[in-house]
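Residue numbers (this note's numbering): 3 to 609.
A virtual CB, placed ideally from N, CA and C, is assigned to each residue, including glycine.
Please read the structure below before turning to the comments.
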Ligand code: AGP
């Protein structure tokens, strides 16, 4: 989604702004722009295309104060006139992430006051509102007055032509960080944009407004009181957001999975037993009271929750429901204070998941746990308990290492719950810990299948549809494989529990419909084999990802990818890897923009 970068310094900050936007490209966008204050004028450069184009256009621009933006269109088509920054009467410039819900009404009022609108965006009202208050006070006060009139979500950056060393920023419902330098300061919607200049960061809180100057900054809370916020030192380093030897971030992130899993499991694997405290100190009192689990998440994160349902019910014997966050928040559900509400999110900023969590709390759920990859994110801060996946920054829009580390975290939750409920004796616990320690190496072994999967991908390049089959806890893995394929190769793909095939989707099967099947050597294998026969008998082409001991043989129309030996309950994690690679190589064959698929954004911060 949209990205913001801003800077005030005693040097030309244009390249810093552009580099920051390049770092935010992964979030998804369709236009970009920046404005600098120079010689008491606003100099704006915008582009309806990539940040690279903006870089060329702004190569000769100079400014020591500026704000920049990548826009993912919500109100108004992607075009230069709708690209941010938006200006009011050549005096005020604003960049904005989020959605202003009452913009139509504000637009009518501002038009009546004589303001002329030059875009179709909701953001432009913010620029005019600030302008309308500016004559009566400072830029800070004018911004605070304007914000009090807005309904909706925002992170904003504001500069004024006659105020050459000051930037105002604010957030409500959208993330924004303040970067603290020496004699210079920065703002950004994402830490990765700031790593080039500082690791010292302040996470602005809901409703905060910050006045950023060269030498200092002042933060005010929603009520306008001056407040102190802690300065954190980011754990990220610049290398972690570099592409290195890889062609795409998605490929890099697929290959980072052994390390990401090792990092996520580090504290547990180094210990001799599992304790609730890994989810936060309060887990010791909360977990024993929990009667059932409700998982809320979207997209890939929802798929990890669906796998966890199988684990939690079978291993821990605890009832578990998994809901799409955007549905849960609007339906009437029956609250139970003994439910542990688990939100899963890579970004921790997904608007639907965040809103679902807030809704759950409002209906009386006090037991909340976030499984998330971004410390200090909104979802983490809204939750009582947390387990951070330590996947490192995930840049590719298609989620890969975030998913497998979520699964690892959810497996830990399962084991802790099982132990508390007397369903995990010491031997079994040690056995699971042993399997977890071995997991990174097992994933590495599957990654070695990459060349074979690249060959297999060639069969998909000219196809328009694909079916993915799985059974039991591998059905959500099939769903994840289908999601990966559709999002980056634009091939329509659907997943079905294999037993459902004969209830409808079998009608679709013919020689043009590749059928991908996840075939672990588990208790459902014989059932799955029958389902695959149903496909073969109808001339379907099968691509079977089969464990070593399944004895499914390659034949006419049946392509086998031989997986390592069956990994028990951790098998879904291993079976995810070839599906990620398949989607990646099909996208390469098709020449799509792997890391930035059309129409999509990395963090979906609007509803
Ligand atoms: C997956 O490849 C997607 N990019 C998407 O489904 C994603 O998982 C979803 O938007 C949820 O994001 P989150 O994990 O950051 O909350």
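Just to confirm the assignment: which complete beta strand (DSSP E) runs, minimum length 3, are found wholly within the stretch 266-304?
If only uninterrupted beta strand (DSSP E) runs of at least 3 residues are considered, those enclosed by the stretch 266-304 are 294-299.
Within the continuous alpha helix (DSSP H) that includes residue 483, where are the two ends?
From DSSP, the alpha helix (DSSP H) with residue 483 extends over 477-491.
Could you check the C-alpha separation between residue 347 and residue 281 for me, to the nearest Å?
Using only the alpha carbons, I get a separation of about 15 Å.
Can you say whether residue 338 is buried or exposed, counting buried as having 16 or more other CB atoms within 10 angstroms of its CB?
Residue 338 comes out exposed.
Could you check whether the stretch 387-399 touches the stretch 320-329, counting it as contact only if at least three pairs of C-beta atoms, one from each stretch, sit closer than 8 Å?
No: the two stretches stay apart, fewer than three of their Cβ pairs being nearer than 8 Å.
Are the stretch 131-139 and the stretch 65-85 in contact at 8 Å, needing three or more beta carbon pairs?
Contact between the stretch 131-139 and the stretch 65-85 is absent, because fewer than three Cβ pairs lie under 8 Å.
If you scan the stretch 504-534 from start to end, which runs of the beta strand (DSSP E) of 3 or more residues do you find wholly inside it?
Listed in chain order, the complete beta strand (DSSP E) runs (minimum 3 residues) inside the stretch 504-534 are 516-521.
What are the boundary residues of the alpha helix (DSSP H) that includes residue 405?
Note, residue 405: alpha helix (DSSP H), 403-422.
Between residue 100 and residue 148, is the Cβ-Cβ spacing less than 8 Å?
Going by C-beta atoms, residue 100 is not nearer than 8 Å to residue 148.
Using a 10 Å radius around the Cβ and a threshold of 16 neighbouring Cβ atoms, would you call residue 332 buried or exposed?
Exposed, since its Cβ has fewer than 16 Cβ neighbours within 10 Å.
Beta-carbon proximity list for residue 195, same chain, < 6 Å, skipping 5 on both sides:
Answer for residue 195: 7, 22, 25 and 26, listed in chain order.
Would the C-beta of residue 110 count as close to the ligand AGP, meaning under 7 Å from any of its heavy atoms?
Not so, every heavy atom of the ligand AGP lies at least 7 Å from the Cβ.
Bounding residues of the beta strand (DSSP E) (the contiguous stretch that carries residue 323):
It spans 322-326 - the beta strand (DSSP E) in which residue 323 sits, taken as one unbroken run.
Keeping to the same chain, check which residues put their C-beta closer than 7 Å to that of residue 115; ignore five residues upstream and five downstream.
The answer, listed in chain order, is 134.
Closest to residue 566 by C-alpha separation, out of 158, 446 and 529, would be which residue?
Among 158, 446 and 529, the Cα nearest to that of residue 566 is on 446.
Inter-residue spacing [alpha-carbon to alpha-carbon] between residue 167 and residue 65:
Each residue's CA atom was taken as its position, placing residue 167 and residue 65 some 10 Å apart.
Measuring CB to CB, does residue 393 end up less than 8 Å from residue 266?
Yes. Within cutoff.
First through last residue of the alpha helix (DSSP H) which encompasses residue 360
For residue 360, the enclosing alpha helix (DSSP H) has its first and last residue at 353-364.
List, from N- to C-terminal side, the alpha helix (DSSP H) runs of 4 residues or more that fit wholly inside the stretch 89-136.
List check, alpha helix (DSSP H) in window: 105-114 and 126-136.
Taking 7 Å as the cut-off, is the C-beta of residue 300 nearer than that to any heavy atom in the ligand AGP?
Yes, the beta carbon of residue 300 sits closer than 7 Å to at least one heavy atom of the ligand AGP.
Counting along the chain, where does the beta strand (DSSP E) carrying residue 43 start and finish?
Residues 43-49.
Do the stretch 401-408 and the stretch 288-306 meet, that is, are 3 or more Cβ pairs less than 8 Å apart?
Contact holds: three or more Cβ-Cβ distances are below 8 Å.
Have a look at 129, 519, 120 and 603 and flag the residue whose alpha-carbon is nearest the alpha-carbon of residue 538.
Nearest to residue 538 by alpha-carbon distance, out of 129, 519, 120 and 603, is 519.
Leaving out five residues before and five after residue 442 in sequence, what residues of the same chain have Cβ atoms less than 6 Å from its Cβ?
Excluding sequence neighbours, residue 442 sits near 260, 263 and 264.
What residue range does the beta strand (DSSP E) around residue 498 cover?
494-499 is the extent of the beta strand (DSSP E) around residue 498.
In whole angstroms, what is the alpha-carbon distance linking residue 296 and residue 455?
Distance between the alpha carbons of residue 296 and residue 455 is about 36 Å.
Is residue 306 helix, strand or coil by DSSP?
Helix, per DSSP.
Among 269, 216, 40 and 349, which residue has its Cα nearest to the Cα of residue 28?
Of 269, 216, 40 and 349, the residue nearest in Cα terms is 349.
Per DSSP, what are the beta-bridge partners of residue 213 in this structure?
As a beta-bridge residue in DSSP terms, residue 213 pairs with 170 and 220.
Count Cβ pairs between the stretch 512-528 and the stretch 473-480 that sit closer than 8 Å; are there 3 or more?
Yes, the stretch 512-528 is in contact with the stretch 473-480.
Look at the Cβ atom of residue 483, then the Cβ atom of residue 544, and state whether they are nearer than 8 Å.
For residue 483 and residue 544, no; Cβs fall outside 8 Å.
Can you tell me which of 222, 369, 334 and 252 puts its alpha carbon nearest to the alpha carbon of residue 292?
Distances from the alpha-carbon of residue 292 to those of 222, 369, 334 and 252 put 369 closest.
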